[in-house]
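Here is the structure we will look at, set down as structure tokens.
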Amino acid sequence: MKPIRMVDLKTQYEHTQGEIDRAIRQVLQDTAFINGPQVKDFSRNLGNYLHAEHVIPCANGTDALQIALMALNLQPGDEVITPDFTFISTVEVVKLLGLHPVLVDVDDTYYTLRTDQLREAITSRTRAIVPVHLYGQCAPMQEILQLAKQHEVAVVEDAAQSLGAEYKLDGDIKKAGTLGDIGCTSFFPSKNLGCYGDGGALFTNNPDLADEIRTIANHGSHLKYYHSRTGVNSRLDTLQAAILDVKLKYLDQYNKARQRAAAYYDRALSGIPQIQTPQVHPRSSHIYHQYTLKISAEVSRDDLKRYLKDRGIPSMVYYPVPMHLQQAFNEKERFVEGDFPVSERLSRSVLSLPMHTELEEEQMHYITQTLKQYFQS
Ligand SMILES: *Cc1c(COP(=O)(O)O)cnc(C)c1O
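Going by the numbering used here, the sequence shown opens with residue 1, and the numbers climb by one from there.
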């Protein structure tokens with residue numbers, strides 16, 4: 001059996017090596033390392049894939065979120081609502097821009113933000129909601145968009161873990177990241193569509209926002225050396241765009257491979273009462289950026305993790321500390337334990353299994369058998 005990895009980018013590369021190497025060589029020969037033609041090609045192809053009118057590439061997913069909030073022209077102290085259980089970027093950019101993050105707890109079944117809490121969190125100062133499509137399935141966008149419309153607040157989707165996931169909105173099926181005003185994603189190597197370095201993108205169907213986003217990402221400039229506002233320098237480099245343009249063709253195939261692996265895990269682990277396998281919301285598909293188990297409270301998650309590690313099975317905790325208990329966010333806010341009980345419970349009980357496009361049945365058999373053994377002993 002091949003050694004088990006959380007993510008196997010090497011084998012994935014080997015399957016498309018010819019195409020990828022050719023794409024890279026082309027960039028090296030053209031030497032248009034910044035804003036080369038591949039950046040436009042990839043943006044157009046991603047727009048077609050997502051059915052998004054405008055795709056603006058940038059340097060990473062965190063920048064995408066920051067630029068999205070900058071494009072909304074918010075004032076210091078304006079409130080932005082985010083889930084408490086997420087990766088740091090979602091909340092970090094809110095703080096960085098001098099805005100006020102308002103956290104809400106997440107749902108115990110789907111791990112995405114709770115709409116009952118969202119409703120209560122909206123005030124006259126709320127300007128934006130940033131739902132996170134955590135682990136690869138969409139947050140409850142139907143309800144979120146309804147609330148946003150009613151209160152006239154913008155919706156910026158954090159689709160860093162969900163590129164290619166779909167959501168049933170009213171009668172339509174839409175791609176994650178194209179439901180709200182602006183969608184943001186990351187091409188960090190381990191994401192479902194990953195490059196060989198850092199990368200990110202924003203999507204929108206609103207031409208004014210697209211224009212604003214493009215300007216901000218380009219030093220606040222429409223015309224070289226003329227700057228209409230304070231922006232940032234955030235670009236997807238040509239090499240990464242060339243790699244992504246090859247990999248985009250395989251994204252659906254990659255997501256299907258993850259779904260097949262998830263179905264295997266689901267089946268094999270269904271009989272273990274101490275384990276809750278991922279639940280999929282009826283409106284959303286799940287593309288399993290992570291395959292995340294919830295372990296019952298009477299089991300030591302960390303002991304289980306060690307047991308697996310000792311047997312050659314890596315596993316990870318995404319995420320061990322909820323946002324409200326992060327030191328960085330706790331100076332003024334003075335959150336305490338108990339403020340967001342579901343998020344706190346999840347931070348102690350989630351465990352993600354190896355999940356990637358190259359998992360072999362033999363490996364999944366070994367992983368699930370080892371898990372079963374742990375609970376039988
Ligand atoms: C990866 C990730 C980001 C940030 O992406 P980077 O490209 O690493 O900056 C933001 N939000 C979520 C939910 C992520 O998983």
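The C-beta atom is built at its ideal place from N, Cα and C for all residues, glycine as well.
Query - Sheet register partners of V80 (DSSP bridge) - result: P101, A128.
Practice problem: Go through its chain and collect everything with a Cβ distance to T16's Cβ below 8 Å, but skip five positions before and after it. | Solution: V246, K247, Y250
Determine whether the beta carbon atoms of Q363 and M1 lie at a separation below 8 Å. Contact: yes.
Along the beta strand (DSSP E) that carries E298, what are the first and last residues, could you check?
Counting along the chain, E298 falls outside any beta strand (DSSP E), and DSSP gives it neither H nor E.
| request: Flag this pair as yes or no: are the beta carbons of Q290 and G136 separated by less than 8 Å? | output: yes
- prompt: Alpha carbon to alpha carbon, what distance is there between S186 and Y49?
  reply: 16 Å
Where DSSP assigns a beta bridge to F203, which residues make up the other side?
V55, G183
Sub-8 Å separation of H281 and P83 beta-carbons
no
Between V132 and ligand 1, is the CB less than 7 Å from at least one heavy atom?
-> Flag set: Cβ of V132 near ligand 1.
query = Thinking C-alpha only, which one of T178, L359, D198, S315 is nearest L371?
reply = S315
For this session: Return yes when the C-beta of G36 is under 7 Å from any heavy atom of ligand 1, and no when it is not.
Result: In this structure, the C-beta of G36 stays at least 7 Å away from each heavy atom of ligand 1.
Checklist entry - Taking 7 Å as the cut-off, does the CB of Q161 come closer than this to any heavy atom belonging to ligand 1? => result Q161: yes, Cβ under 7 Å from ligand 1.
Between the C-alpha atoms of G338 and E344, what's the straight-line distance to the nearest angstrom?
G338 and E344 have their alpha carbons spaced roughly 7 Å apart.
*asked:* Assuming C195 and S162 are in contact, meaning their beta carbons sit under 8 Å apart, how far apart are those beta carbons, in whole angstroms?
replied: About 17 Å separates the two Cβ atoms, so there is no contact after all.
query = Are the CB atoms of A241 and Q38 nearer to each other than 8 Å?
reply = Yes.
In terms of DSSP beta bridges, what is V156 paired with?
-> V156 pairs with I182.
Report yes if the C-beta distance between I67 and L236 is below 8 Å; otherwise report no. In this structure, I67 sits away from L236, with a CB-CB distance that is not shorter than 8 Å.
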